[in-house]
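Asks: Residues in the sequence shown are numbered from 5 upward in steps of one, following the working numbering.
All C-beta atoms in this analysis are idealised placements derived from N, C-alpha and C, irrespective of residue type, glycine included.
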Amino acid sequence: MRVALDATPLTVTTGGIRRYVAELSRALAAAYPEDEYRLLSDQPFEPPCGLSRGSGPRNALDRRWWLWGIERRNDYDVFHGTDFSVPYLARRPSVLTLHDLAPWMGNGNGRVRARTPWLLGLGLATMVITCSQAVRAEAIERFRIHPARVVAVPLAAAGEFRPARTQPARPYFFYAGSREPRKNVAALAGAWRELRREFEVELLLAGRGGGSMPEPGLRELGEVSDAELAGLYSGAVAVVYPSTYEGFGLPVLEAMQSGACVIAGRAAAVEEAAGGAAVIVDSGRALAAAMRQALIDPGWAAGWREKGLARARQFSWERTAALTRAVYVEARRRFHS
Numbered sequence: 005m006r007v008a009l010d011a012t013p014l015t016v017t018t019g020g021i022r023r024y025v026a027e028l029s030r031a032l033a034a035a036y037p038e039d040e041y042r043l044l045s046d047q048p049f050e051p052p053c054g055l056s057r058g059s060g061p062r063n064a065l066d067r068r069w070w071l072w073g074i075e076r077r078n079d080y081d082v083f084h085g086t087d088f089s090v091p092y093l094a095r096r097p098s099v100l101t102l103h104d105l106a107p108w109m110g111n112g113n114g115r116v117r118a119r120t121p122w123l124l125g126l127g128l129a130t131m132v133i134t135c136s137q138a139v140r141a142e143a144i145e146r147f148r149i150h151p152a153r154v155v156a157v158p159l160a161a162a163g164e165f166r167p168a169r170t171q172p173a174r175p176y177f178f179y180a181g182s183r184e185p186r187k188n189v190a191a192l193a194g195a196w197r198e199l200r201r202e203f204e205v206e207l208l209l210a211g212r213g214g215g216s217m218p219e220p221g222l223r224e225l226g227e228v229s230d231a232e233l234a235g236l237y238s239g240a241v242a243v244v245y246p247s248t249y250e251g252f253g254l255p256v257l258e259a260m261q262s263g264a265c266v267i268a269g270r271a272a273a274v275e276e277a278a279g280g281a282a283v284i285v286d287s288g289r290a291l292a293a294a295m296r297q298a299l300i301d302p303g304w305a306a307g308w309r310e311k312g313l314a315r316a317r318q319f320s321w322e323r324t325a326a327l328t329r330a331v332y333v334e335a336r337r338r339f340h341s
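(1) Going by other Cβ atoms of all chains shown within 10 Å of its Cβ, with 16 needed for buried, is leucine 65 buried or exposed?
(2) Near valine 132, what residues of its chain come up, given a Cβ to Cβ distance below 6 Å and the 5 sequence neighbours on each side ignored?
(3) By how many angstroms is the C-alpha of arginine 223 removed from the C-alpha of leucine 209?
(4) If you scan the stretch 210-264 from start to end, which runs of the beta strand (DSSP E) of 3 or more residues do you find wholly inside it?
(5) Is methionine 109 buried or exposed, if buried means 16 or more other CB atoms sit within 10 Å of its CB?
(6) The alpha helix (DSSP H) spanning phenylalanine 339 covers which residue range?
(7) Since glycine 19 is in the beta strand (DSSP E), which residue starts that stretch and which ends it?
(8) Secondary structure at aspartate 66, three-state DSSP: helix, strand or coil?
(9) So, helix, strand or coil for glycine 85, using DSSP?
(10) Quick one: what's got a C-beta closer than 6 Å to arginine 183's C-beta in the same chain, skipping five residues either side?
(11) In angstroms with no decimal places, state the Cα-to-Cα distance between arginine 338 and arginine 95.
(12) Would you mind reading off the limits of the alpha helix (DSSP H) that contains glycine 307?
(13) Under 8 Å from any heavy atom of the ligand MN, does the C-beta of threonine 15 make it?
(14) So, with DSSP's three-state summary, where would you put glycine 269?
(15) Suppose the cutoff is 7 Å on Cβ atoms and the five residues either side in sequence are ignored; what does the same chain contact list for alanine 234 look like?
(16) Write down every uninterrupted run of the beta strand (DSSP E) in the stretch 166-216 whose length is 3 residues or greater and which is fully enclosed by it, in chain order.
(17) Could you give the residue range of the alpha helix (DSSP H) that holds glutamate 40?
(18) Assuming serine 4 contacts alanine 271 under a Cβ cut-off of 8 Å, what Cβ separation, rounded to an integer in Å, is found between them?
(19) Does the stretch 5-15 come into contact with the stretch 23-30, if we say contact requires no fewer than three beta-carbon pairs (one atom in each stretch) closer than 8 Å?
(20) Examine the Cβ distances between the stretch 295-308 and the stretch 224-243 and report whether three or more of them are shorter than 8 Å.
(21) Identify whether glycine 114 lies in helix, strand or coil by the three-state DSSP scheme.
(22) Going straight from the alpha carbon of glycine 226 to that of glycine 211, what length do you get?
(23) Roughly how many angstroms separate the alpha carbons of arginine 200 and glutamine 137, rounded to a whole number?
(24) Name, in chain order, the residues that DSSP records as bridge partners for threonine 130.
(25) I need the straight-line Cα distance from proline 158 to proline 151, nearest angstrom please.
(26) Among the candidates Asp87, Glu204, Leu128 and Ile267, whose CA atom is the shortest distance from the CA of leucine 192?
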């Protein structure tokens, strides 16, 4: 089978969708050497082993027309739109990954305009992949997609994430992710400030969109490498991910695989991924209480670390690749039937 994947997310240095494309393409190429997988991207990058690289436009609004042109010039069996986009006027089956419904949260004019091509993509795709059963249910209900067209395929943490042996000089809580309002970082900062009245504990924030005012004990790390990220997860008193909405919550699984105690917000997809192996909180007061417990009771935190490690072992990119390839096969069957 010959599969073309939209690799536009690989042109950024960090982010969950970038990791999704990189890990999925590697796993597909390794598990199915009889297939041909080609990454289509608009900027140079080093493709994973077993994959070749194409080229495309930088303008995301033009991407669907470009993909249609690429499709006409190349003989692929399936196109995988890894980031909302599939070709217009397609002559071959396509699969679209709907990572979450965050674009449909809020009513700003820019956000409303952006939804139109995304909605069109959902209608054009032969099959739709979501990263959780929670998002699958949301998509079916909101967009009236036939359930047979939507398949939940869970993600996994990459192999780089494992428990570290070094201990940090000072205790800290850690968050990795963007600063979108739904990530609820303000609640985390508030809970941490409450604890700072009693404990000398730092708060480390990694990811894009930082830049808060300097504050003793609060450190903005910006974007960090995977190796640094694994160490930061592993060394934390607890990894705190208070998001109120996610499509999967990959940092939660990465933290678990790194041996961290995880405290997370009550979001359906996060609870699904955590599978009872994270402390779930639904208020700022509960968040502060859980963080305090992790500080004063190492045995309690160690119990959550063990649960997290066991939960993370239930996921793998090999399984994600197998389930994704099954969707490709079903897309071909449906398109030609």
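Replies: In short:
(1) Summary for leucine 65: the model assigns pLDDT 43, below 50, so the residue's position carries little reliability; its value from the coordinates is reported in the next sentence. Answer is exposed; the Cβ neighbour count stays below 16.
(2) The residues are Leu100, Leu102, Arg153 and Val154.
(3) For leucine 209 and arginine 223, the distance between alpha carbons rounds to 6 Å.
(4) Here the runs fully enclosed are 222-226 and 242-245.
(5) It counts as exposed.
(6) Per DSSP, phenylalanine 339 belongs to the alpha helix (DSSP H) from 321-340.
(7) For glycine 19, no beta strand (DSSP E) encloses it, and the DSSP letter there is neither H nor E.
(8) Unreliable positioning characterises aspartate 66 in this predicted model, as indicated by a pLDDT of 48, which lies under 50. The coordinate reading is nonetheless provided below. Residue state, collapsed to three classes: helix.
(9) It is a strand residue.
(10) Close CB contacts of arginine 183 within its chain, under the 6 Å cut and outside five residues either way in sequence, are with Val189 and Gly213 (chain order).
(11) Taking C-alpha positions only, arginine 338 is separated from arginine 95 by approximately 13 Å.
(12) Bounds of the alpha helix (DSSP H) holding glycine 307 are 302-316.
(13) This structure does not include the ligand MN; it has no bound ligands of any sort.
(14) Looking at glycine 269 - three-state DSSP - the assignment turns out to be strand.
(15) In chain order, Glu164, Phe165, Arg166, Ala168 and Ser262 place their CB closer than 7 Å to the CB of alanine 234, counting only its own chain and leaving out the 5 sequence neighbours on each side.
(16) Those beta strand (DSSP E) runs which fall completely within the stretch 166-216 and span 3+ residues are 176-180 and 206-210.
(17) If you look at glutamate 40, you'll find it isn't in any alpha helix (DSSP H); it sits in the beta strand (DSSP E) that goes 40-44.
(18) Because the chain spans 5 through 341 in this model, residue 4 falls outside it and cannot be assessed.
(19) Using a C-beta cut-off of 8 Å, the stretch 5-15 makes contact with the stretch 23-30, since at least three inter-stretch Cβ pairs fall below that distance.
(20) Counting C-beta pairs with one atom in each stretch, the stretch 295-308 and the stretch 224-243 have three or more that are closer than 8 Å, which means they touch.
(21) Residue placement at glycine 114 cannot be trusted, given a pLDDT of 47 that sits under 50; what the coordinates show is reported in the next sentence. The three-state secondary structure of glycine 114, taken from DSSP, is helix.
(22) One C-alpha to the other measures close to 5 Å.
(23) C-alpha of arginine 200 to C-alpha of glutamine 137: approximately 38 Å in a straight line.
(24) Bridge partners of threonine 130: none, in fact.
(25) Cα to Cα, proline 158 sits roughly 17 Å from proline 151.
(26) Answer by Cα proximity: Ile267.
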